[in-house]
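J.: Here it is: the structure, laid out below.
Protein chains: 2
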Amino acid sequence: MTTSPESLPSAVAPAAEPQEREFSLPVLTFLAFIVGCVAALGAIIFKFLIAFISNLTNYGIFSFELNPNAYGPESPWGPFVILVPILGGLVVVFLVRTFAPEAKGHGVPEVMYAIYHNDGNVRGIVAVVKSLASALSIGTGASVGREGPIIQIGSSFGSTFARYLGMTRSQKITLLAAGAGAGIAATFNTPLGGVLFAVEVLLPEVSTRTFLPVVAATATSTYISRLVLGVESAFVVPVAALPQIETVNIPELVVAAAVGAAMGVAAWAFVRVLEFCEDYFEEMPINPYLQNVIGMGIVGLMGYGFLQWTGHYEVMSVGYATIQSVLNGDKTVFFVLMALFFGKLLATSISLGAGASGGIFSPSLFMGATLGGAVGVLGMMVFPNANLDVPTFAVIGMGAMVGGATSAAMTAIVMIFEMTRDYGIIVPLVLAVALAVGVRRALVSSDIYTIKLRNR
Amino acid sequence: MTTSPESLPSAVAPAAEPQEREFSLPVLTFLAFIVGCVAALGAIIFKFLIAFISNLTNYGIFSFELNPNAYGPESPWGPFVILVPILGGLVVVFLVRTFAPEAKGHGVPEVMYAIYHNDGNVRGIVAVVKSLASALSIGTGASVGREGPIIQIGSSFGSTFARYLGMTRSQKITLLAAGAGAGIAATFNTPLGGVLFAVEVLLPEVSTRTFLPVVAATATSTYISRLVLGVESAFVVPVAALPQIETVNIPELVVAAAVGAAMGVAAWAFVRVLEFCEDYFEEMPINPYLQNVIGMGIVGLMGYGFLQWTGHYEVMSVGYATIQSVLNGDKTVFFVLMALFFGKLLATSISLGAGASGGIFSPSLFMGATLGGAVGVLGMMVFPNANLDVPTFAVIGMGAMVGGATSAAMTAIVMIFEMTRDYGIIVPLVLAVALAVGVRRALVSSDIYTIKLRNR
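Chains A and B, in that order, give the protein sequences. First residue of the first sequence? That's 5 in our numbering, and the numbers climb one at a time after it. First residue of the second sequence? That's 5 in our numbering, and the numbers climb one at a time after it.
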């Protein structure tokens, strides 16, 4: 109701009427159910698109089969694999510049901007361009994640559908948030995390009128994605299956607090380094294609460097395989874990600065798992008899890094639980997340989402 | 640091000065840690006090041993057991009327009133009187729960401690919420539920400055209570241990939606019947002691009636044993489940109307488990081959009833998960809770907490 009637037709042609319609809650909930179905399909298509592009560009094979949690084999291109992210990046830059400039970057700030400054309007073309661009970025090895894109894609579905029906601003934002939550839930099999993300990050106000549609969309998309992709949690934590021996492990709590504090600093570094890279590339006196060649060339070199050292590309693409390897307890050398952390911090910031399209959530998980594991290694030296292990602190680090970087503390806690199904560490996890948010906010008031809005 | 430095010495002198002090976040967090310790001790003492009173008044033995999840034996008093809640109630009425009128009722509305209309001030005497009065009510068989009292007790600790230190209003409310969350977490072993309750129901605004202290208190109290009371979840759901066979069970989802809708109606009925009983008893032209004799006499008769029928007192006291029996799959007769639901609805409303001191959360769990189970029985008749079971819908009903009655949807979902550790049903649970909140709100805008505030 706050917009002028003239602004409506400009959005999409079919919504020609100047009037806005207020739907009843049952109808809105049913519409959200449809958004959930579409968002789930979007998430599934997006996932297979990434797999297809990854297989084609890295191995020259046509296949939709890809297990991102397992390390892939070495590419047959040898050192020329460095060209893959460069060439992929050039197509991404072309797509984004030509069709939808708002598809650049990691996605969530653009959605937040649309909610707070553009009446909840996210263009329909964004869903298409973002899917293609992000699948290309991720598939060719840019160090970015799938959640930012799927949030933007889901938002685009919800917002476009609402605009098509001539909805009021507040109901449009509700369907937008429903689409975003549904996208996350379908991608990570985290129904509660999807709801909480919509509630904590996107919705300006939470009530039955907003909550019920979001839940309908999220539950629907979870079911559809489970049907196609399976019920397994995103990660498996073998140590979590062991029974808890002690009720209270004080050294564990102390090390978890240290992980939380370290993640607060790491989140601050991530916000600042990403901001620096985005500004630095933008101010380069060369055209965006050349900027991208430089940036993605560096990322490719880093990946190839890690291949020579650890046998895997590690910091390239979503990085789930590295995370799973830390959670399996296969990575326990302090120096390696720290190198992975710093490598990912740089690779992600450079990728996004150079124009890649993809999210910061998976990179945050990667940084959290590696730095959390590294702090865990130190903790095991300080408390050698306390029955500590690296994977536990990697999980705690994942939650703390996501919470610290995004400020969405409850979403981080619940999503990490849902991704790992490790309830045994809930208390140290909650504590570490709260500390990480506190430390990061003491160092920089903006988080990884809002820093981009502040600079507009 | 916005206050004048002169206000510092005032800390020790019990809040006589008009100046208020603003503490730094680390100091506030440390103070919340202390509140968490005290709240945990309060919860533990409260639990043992209930056990002691219950053993003494029902069986004439001196013992702190009581497993509320198992049915107790028949009282040796025979039919005279009806006198136990009456005599206990008389002492409760005396305590409340003499020392702290705000300790009457189910606790949370009083805390909300203190936050929004009384600058976050909850008197210290409330903690003592509420502990004694509620332990007496619950121990002698009034149909009320432990969570309302422990919220009020924890709030009283936090608020009194903050007042003693001369804190500002907003920091006082933060410590109050920290005490309440810590009390819940310690009572039910639900760390995340405690945090969410404070965030969703109590805190007027959520930020690092409020979140971190709440988390510190809640984590601390969880640890202390686990140390003393054990790490077990509040309830055990045997069917939850079975592996999930199907990814999507559409009949399960349909029945869950029916459970959600039924719980919305049930929550409406609970809000209205409780309101009616509270008004009705208050307007009786007799003194409060006589009111109590009538009310608790009815509750005692209902308990004795159930003893004759099912062999257990069922609707009296917290009712965990009945809930656990439904979750074990021992209660599968539609008529019995419905009788338990209506019995509890009446027993709780009459208990609170007649002046008992105790919460509505455990009764909500009871009503949710029984009515949810009853709907499940009907669902199994409609879908005989869908592999459904009663305990699953009992758990879903518990969450939906708590969410529907309190409006705190996320708290309900997370607490029910933490109390049962049954993640397999998270999607139907989320859906049912959202539906229950929606249906209840369509029928009555106030929830079980706010209806009392509206009538002030």
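Glycine residues also receive a C-beta, built at the ideal position from the N, C-alpha and C atoms.
#1: Compare the C-alpha of V210/A against each of A438/B, S28/B and V297/B and name the closest.
#2: With a cut-off of 8 Å on the beta carbons, I'd call I364/B and T374/B a contact; round off their distance for me.
#3: Taking 7 Å as the threshold (beta carbon to beta carbon), is I290/B in contact with chain A?
#4: Could you tell me whether the Cβ of R445/B comes closer than 7 Å to any Cβ of chain A?
#5: With W272/A as the anchor, note down where its alpha helix (DSSP H) starts and where it stops.
#6: Does A223/A get closer than 7 Å to chain B when you measure Cβ to Cβ?
#7: I'd like the span of the alpha helix (DSSP H) that includes T33/B, first residue to last.
#8: Run through the DSSP bridge pairs and tell me what M171/B is partnered with.
#9: Taking 7 Å as the threshold (beta carbon to beta carbon), is G442/A in contact with chain B?
#10: For M419/B, does the count of other Cβ atoms within 10 angstroms reach 16, so buried, or fall short, so exposed?
#11: When the distance is taken between beta carbons, is V130/B closer than 7 Å to A463/B?
#12: Examine the Cβ distances between the region 433 to 453 of chain A and the region 397 to 414 of chain A and report whether three or more of them are shorter than 8 Å.
#13: If we ignore side chains and look at the alpha-carbon of each, how far apart do V443/B and G376/A end up?
#14: Could you tell me which chain A residues have their CB closer than 7 Å to the CB of T212/B, listed as they occur along the chain?
#15: Quick one: what's G109/B bridged to in DSSP?
#16: Residues of chain B with CB under 7 Å from A438/A, in chain order?
#17: Does the region 166 to 181 of chain B come within contact of the region 60 to 70 of chain B, defined as at least 3 CB pairs closer than 8 Å?
#18: Less than 7 Å between the C-beta atoms of A378/A and F346/A, yes or no?
#19: Take F421/B as the anchor and find which of V132/B, V448/B, G198/B and E287/B has the nearest alpha-carbon.
#20: Starting from W313/A, trace the alpha helix (DSSP H) in both directions and tell me its first and last residue.
#21: Taking 7 Å as the CB-CB cut-off, is L435/B touching chain A?
#22: So what does G149/B bridge to, in DSSP terms?
#23: Would you call W272/A buried or exposed, if buried means 16 or more other Cβ atoms sit within 10 Å of its Cβ?
#24: Starting from the C-beta of V133/B, find all residues in its chain whose C-beta is less than 7 Å away, skip the five residues before and the five after it, and write them out in chain order.
#25: Going along chain B in order, which residues have a C-beta closer than 9 Å to the C-beta of I417/A?
#26: Output, in sequence order along the chain, the residues in the region 88 to 114 of chain A whose CB is closer than 9 Å to any CB in chain B.
#27: Determine, for V31/B, whether the minimum Cβ-Cβ distance to residues of chain A falls below 7 Å.
#28: Note down the Cα distance separating E301/B from F192/B, rounded to an integer number of angstroms.
#29: Identify the contact partners of T226/A in chain B, using a Cβ-Cβ distance below 8 Å as the criterion.
#30: Should the region 317 to 325 of chain B be called in touch with the region 141 to 149 of chain B, which here means at least 3 C-beta pairs below 8 Å?
#31: If you draw a straight line from the alpha carbon of L278/B to that of L356/B, how long is it in whole angstroms?
#32: DSSP on S353/A, reduced to helix/strand/coil?
#33: Out of V42/B, I119/B, A358/B and G92/B, state which residue places its alpha-carbon closest to the alpha-carbon of F280/B.
#34: Where Y63/A and S79/A are concerned, what is the direct C-alpha to C-alpha distance, given to the nearest angstrom?
#35: Anything in the region 265 to 289 of chain A with a Cβ closer than 9 Å to a Cβ of chain B? List those residues in chain order, please.
T.: To lay it out plainly:
#1: Relative to the Cα of V210/A, the nearest Cα in the group A438/B, S28/B and V297/B belongs to A438/B.
#2: The pair is not a contact, with the Cβ atoms about 15 Å apart (cut-off 8 Å).
#3: no
#4: yes
#5: Looking at the DSSP string, the run of the alpha helix (DSSP H) that includes W272/A is I254 to E287.
#6: yes
#7: L29 to Y63
#8: R25/B
#9: Yes - at least one Cβ of chain B is within 7 Å of the one on G442/A.
#10: buried
#11: What is shown of chain B runs 5 to 460, which leaves residue 463/B out entirely.
#12: yes
#13: 44 Å
#14: V441, G442 and R445
#15: S361/B
#16: F215, L216 and V219
#17: no
#18: no
#19: That would be G198/B, whose Cα lies nearest to the Cα of F421/B.
#20: P292 to T314
#21: Taking Cβ atoms only, chain A reaches closer than 7 Å to L435/B, which makes this a yes.
#22: G363/B
#23: buried
#24: L99, V100, F103, A104 and A107
#25: Ordered by position in chain B, the residues that pass the 9 Å Cβ test against I417/A are L196 and V199.
#26: For the region 88 to 114 of chain A, which is checked against every Cβ of chain B, not one residue is closer than 9 Å.
#27: no
#28: It should be pointed out that residue 301/B corresponds to Gly in this sequence rather than to Glu. Rounded to whole angstroms, G301/B to F192/B spans 30 Å at the Cα level.
#29: V431
#30: yes
#31: 8 Å
#32: helix
#33: A358/B
#34: 6 Å
#35: none
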